[in-house]
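Just so you know, the protein sequences line up as chains A and B, in that order. Numbers given in the numbering used here equal positions in the first sequence, counted from 1, plus 3. Numbers given in the numbering used here equal positions in the second sequence, counted from 1, plus 16.
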Amino acid sequence: MEKFTRHAGTGLPLRRSNVDTDQIIPAVYLKRVTRTGFEDGLFAAWRKDPQFVTNRPEHAGATVLVAGPDFGTGSSREHAVWALLDYGFRVVISSRFADIFRGNSGKAGLLAAQVTQDVVEQLWKLIETEPSTEIVVDLQERSVQAGALTAPFEIDDYTRWRLLEGLDDIGLTLSHEDDIATFESTRPAWKPVTL
Amino acid sequence: MGRTLSEKVWDEHVVRSAAGEPDLLYVDLHLLHEVTSPQAFEGLRLAGRGVRRPDLTLATEDHNVPTVDVDLPIADPVSRTQVETLRRNCTEFGVRLHPLGDVEQGIVHVVGPQLGLTQPGMTIVCGDSHTSTHGAFGAIAFGIGTSEVEHVLATQTLMQSRPRTMAVTVDGTLPDGVTAKDLVLTLIAHTGTGGGQGYIVEYRGAAIEALSMEARMTVCNMSIEWGAKAGLIAPDQTTFDYVEGRPEAPKGADWDAAVAHWRTLVTDEDAVFDREIVLDASEMTPFVTWGTNPGQGVPLGGTVPDPAAFEDEGDQVAAQKALEYMGLEAGTPMREVKVDTVFVGSCTNGRIEDLRAAADVIRGRHVAPDTRLLVVPGSVRVRLQAEEEGLDIVFKEAGGEWRGAGCSMCLGMNPDQLAPGERSASTSNRNFEGRQGKGGRTHLVSPLVAAATAVTGTLSSPADLAADLPA
Chain A
4 MEKFTRHAGT
14 GLPLRRSNVD
24 TDQIIPAVYL
34 KRVTRTGFED
44 GLFAAWRKDP
54 QFVTNRPEHA
64 GATVLVAGPD
74 FGTGSSREHA
84 VWALLDYGFR
94 VVISSRFADI
104 FRGNSGKAGL
114 LAAQVTQDVV
124 EQLWKLIETE
134 PSTEIVVDLQ
144 ERSVQAGALT
154 APFEIDDYTR
164 WRLLEGLDDI
174 GLTLSHEDDI
184 ATFESTRPAW
194 KPVTL
Chain B
17 MGRTLSEKVW
27 DEHVVRSAAG
37 EPDLLYVDLH
47 LLHEVTSPQA
57 FEGLRLAGRG
67 VRRPDLTLAT
77 EDHNVPTVDV
87 DLPIADPVSR
97 TQVETLRRNC
107 TEFGVRLHPL
117 GDVEQGIVHV
127 VGPQLGLTQP
137 GMTIVCGDSH
147 TSTHGAFGAI
157 AFGIGTSEVE
167 HVLATQTLMQ
177 SRPRTMAVTV
187 DGTLPDGVTA
197 KDLVLTLIAH
207 TGTGGGQGYI
217 VEYRGAAIEA
227 LSMEARMTVC
237 NMSIEWGAKA
247 GLIAPDQTTF
257 DYVEGRPEAP
267 KGADWDAAVA
277 HWRTLVTDED
287 AVFDREIVLD
297 ASEMTPFVTW
307 GTNPGQGVPL
317 GGTVPDPAAF
327 EDEGDQVAAQ
337 KALEYMGLEA
347 GTPMREVKVD
357 TVFVGSCTNG
367 RIEDLRAAAD
377 VIRGRHVAPD
387 TRLLVVPGSV
397 RVRLQAEEEG
407 LDIVFKEAGG
417 EWRGAGCSMC
427 LGMNPDQLAP
437 GERSASTSNR
447 NFEGRQGKGG
457 RTHLVSPLVA
467 AATAVTGTLS
477 SPADLAADLP
487 A
């Protein structure tokens, strides 16, 4: 995974709550067996509306998605994170993320930055008034800065560390392989097996 | 201080614990399907890694498979490639697979329990959010993304921060005609879709204890719909009776040892939950959704709400958008909402008990004109059992369609989909925009309401049919 320390880019205001992963990428776009190429499915239903934010020229090239509360609810599809990354987003800002989406983001290198709803509202106003406003998201400092606004964001220490270092989870876990083997030797014999 | 059930199960699976790091948790059973696994297997291949415990891994084909002509090659070449990729991966990595056409094929969350692989006190994961279903057995079970699928394949563990604990206590007795589905929809309307975020929830109380295993699975299945990490129910005699004798259940002395352990899997009397919710089952009624998330629901006897009536401004906007999408007017009685398609199936309500309940309502009646009834068993075993009991005949004689096993119309991925603007009453779990097909409009309901709705063509409960009971 690529290291993530600081990102600067323009924002996309998505004034919706409960953006579930079926909206982020509908199931018909999940048929690929590759890990890339999911940008065509991002917000596929909403993008058909020419007025939808992704279609507005003033927001072209935005890399920071600013969304309403309960972003990423529903299905566990990591394709939702891949679709956002493939489309060009590096950061999603919301006042509340669904657990699985937040976890998937950390694994795939998308920063899910949790701020208060008040900060979301301020960001929406800023980028709607002046779409070229640069939003700076600093993972080292855990801060979001745009215009005159500077606000902290929340992310758990472990995910932050992994993103900052660009670490591969599996490699980390396999460094504890002895612990896994020891644990396995104590599992009760009656636990089920599939083979 | 005592521990809660979920803390006991969690503690039993901690491989490694270090300050400032998530716990490394051992996974007892890893379930796979075709949609969220291909990139994980590819990741293993690229890194030169194998599957650490193929003997704790099981794959089925469910999301992206047709429910008719299952003996023919899958028509859509992209879907066929995905299914064939799973078959190749399972062969290459030595994973047991129940493919289309196999007698054990079906929705992954129906197959695990019916094989007896789902047992109390286990940790179970799958690249599917409805993995919470298995919590009905007193297991910690949750959905994961594809990166985590790869992690489990390679290590049989997961890095997980310990969630907070919550108790949902449902006292009293569910009235006749009110089901586990109504109970959980009532709960989600109460909490909202984010109310469970960060928690493992234990469902308890007299109304939960009275539920069958299949009904408990319905409740736990929907845990994710209010954001919970997982939902579980303490194992009891109902659980043991369900598991005993199943193909992969412990036998003989192993059975005795297992049950002795399972009996310890209860929340200690002096244990403290981080949060508690108490509901009264005796006040519950058939419950249906009107909006585009599972928290937007009302009693069947209620009306479509007025967005202006919501306190929170965000809820007002969400309700307004939902009504526009759903094509509904505030104030319309839910019973006047006309439905085009009724779907009975899914990992929420596609088990034999659900099909029996629906068939009991349909028997001797006919599906309303202009209404389509689709009945899709959750697994091949469920289909065969239903056919042995003649349930397929009941549905077919009423004018319904009887299909092969799979996720079907729950998720708008395989050929079973709503047309744009088409309205469904569905026993599945999500009423998101386009969930059952682009532009489709979904009302989540219980199997009883689904069956009664199929007969009348508008949202109904079996009580609405009482007057015209056939002689």
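Glycine residues also receive a C-beta, built at the ideal position from the N, C-alpha and C atoms.
Return no unless some Cβ of chain A is closer than 7 Å to the Cβ of residue i.
i	result
ASP257/B	no
VAL94/B	yes
PRO486/B	Any reading at PRO486/B is ruled out, since the residue's pLDDT is 49, under 50, leaving its predicted position unreliable.
ASP495/B	Residue 495/B lies beyond the range of chain B shown here (17 to 487); nothing can be said about it.
GLY151/B	no
TYR215/B	no
PRO54/B	yes
GLN98/B	yes
TYR341/B	no
PRO38/B	yes
MET233/B	no
ARG512/B	This structure leaves residue 512/B out entirely; chain B is present only between 17 and 487.
THR283/B	no
THR101/B	yes
ARG32/B	yes
MET229/B	no
GLY366/B	no
VAL392/B	no
THR357/B	no
Against chain B, does residue i count as a neighbour if the rule is that its beta carbon must be under 7 Å from one of theirs?
i	result
ALA48/A	yes
HIS62/A	no
ASN58/A	no
VAL196/A	yes
ILE173/A	yes
LYS110/A	yes
ILE183/A	yes
THR176/A	yes
GLU157/A	no
GLU5/A	no
THR189/A	no
SER20/A	yes
ASP23/A	yes
GLU81/A	yes
Where does residue i land, buried or exposed, given buried means 16+ other C-beta within 10 angstroms?
i	result
GLU5/A	exposed
GLU299/B	exposed
ARG457/B	buried
GLN117/A	buried
PHE55/A	exposed
LEU88/B	exposed
SER163/B	buried
GLY174/A	exposed
ALA421/B	buried
ASP408/B	buried
THR107/B	exposed
THR139/B	buried
LEU62/B	exposed
Using DSSP bridges, identify the partner residues of residue i.
i	result
PHE543/B	Residue 543/B lies beyond the residue range present for chain B, which begins at 17 and ends at 487; the question has no answer from this structure.
GLY188/B	Paired residues: none, contrary to the question.
ASP141/A	ARG9/A, SER146/A
TYR219/B	VAL184/B
GLN176/B	ASP39/B
ASP23/A	THR76/A
SER354/B	Note on residue identity: the sequence assigns Lys, not Ser, to residue 354/B. Paired residue(s): THR474/B.
HIS46/B	THR73/B, VAL141/B
*Between the segment 89-102 of chain A and chain B, which residues of the former have a C-beta closer than 7 Å to a C-beta of the latter?*
ARG99, ALA101, ASP102
*Enumerate, from N- to C-terminal direction, the unbroken beta strand (DSSP E) stretches of 3 or more residues contained entirely within the segment 441-484 of chain B.*
457-460
*asked:* By the 8 Å beta-carbon criterion, what residues does the segment 164-178 of chain B contribute toward chain A?
replied: GLU164, GLU166, HIS167, ALA170, THR171, GLN172, THR173, MET175, SER177
_Restricting to runs no shorter than 3 residues, where is the beta strand (DSSP E) found entirely within the segment 56-119 of chain A?_
67-70, 94-97, 114-117
*Compile a chain-ordered list of the residues in the segment 261-276 of chain B whose CB is closer than 7 Å to at least one CB of chain A.*
GLU264, PRO266, ASP270, ALA273, ALA274
_Beta carbons nearer than 7 Å to chain A: which residues of the segment 239-256 of chain B have them?_
GLY243, LYS245
*Only counting runs of 3 or more residues, tell me where the beta strand (DSSP E) segments fall wholly within the segment 59-123 of chain B, in order along the chain.*
73-76, 112-114
_Residues of the segment 29-44 of chain A with Cβ closer than 8 Å to any Cβ of chain B, in chain order_ = PRO29, ALA30, VAL31, LEU33, LYS34, ARG35, VAL36, THR37, ARG38
*Enumerated in chain order, which unbroken segments of the beta strand (DSSP E) with a length of 3 residues or greater are wholly contained in the segment 379-454 of chain B?*
388-391, 439-442
*What are the complete alpha helix (DSSP H) segments, minimum 4 residues, inside the segment 247-305 of chain B?*
253-259, 268-278
*When you check each C-beta in the segment 107-130 of chain B against every C-beta of chain A, which residues fall closer than 9 Å?*
GLY110, VAL111, ARG112
*Using Cβ-Cβ distances below 7 Å, what residues of the segment 426-453 of chain B are close to chain A?*
LEU427, GLY428, MET429, ARG446, PHE448, GLU449, GLY450, ARG451
_What are the residues in the segment 327-340 of chain B lying within 9 Å of chain A by C-beta distance?_
GLY330, ASP331, VAL333, ALA334, LYS337
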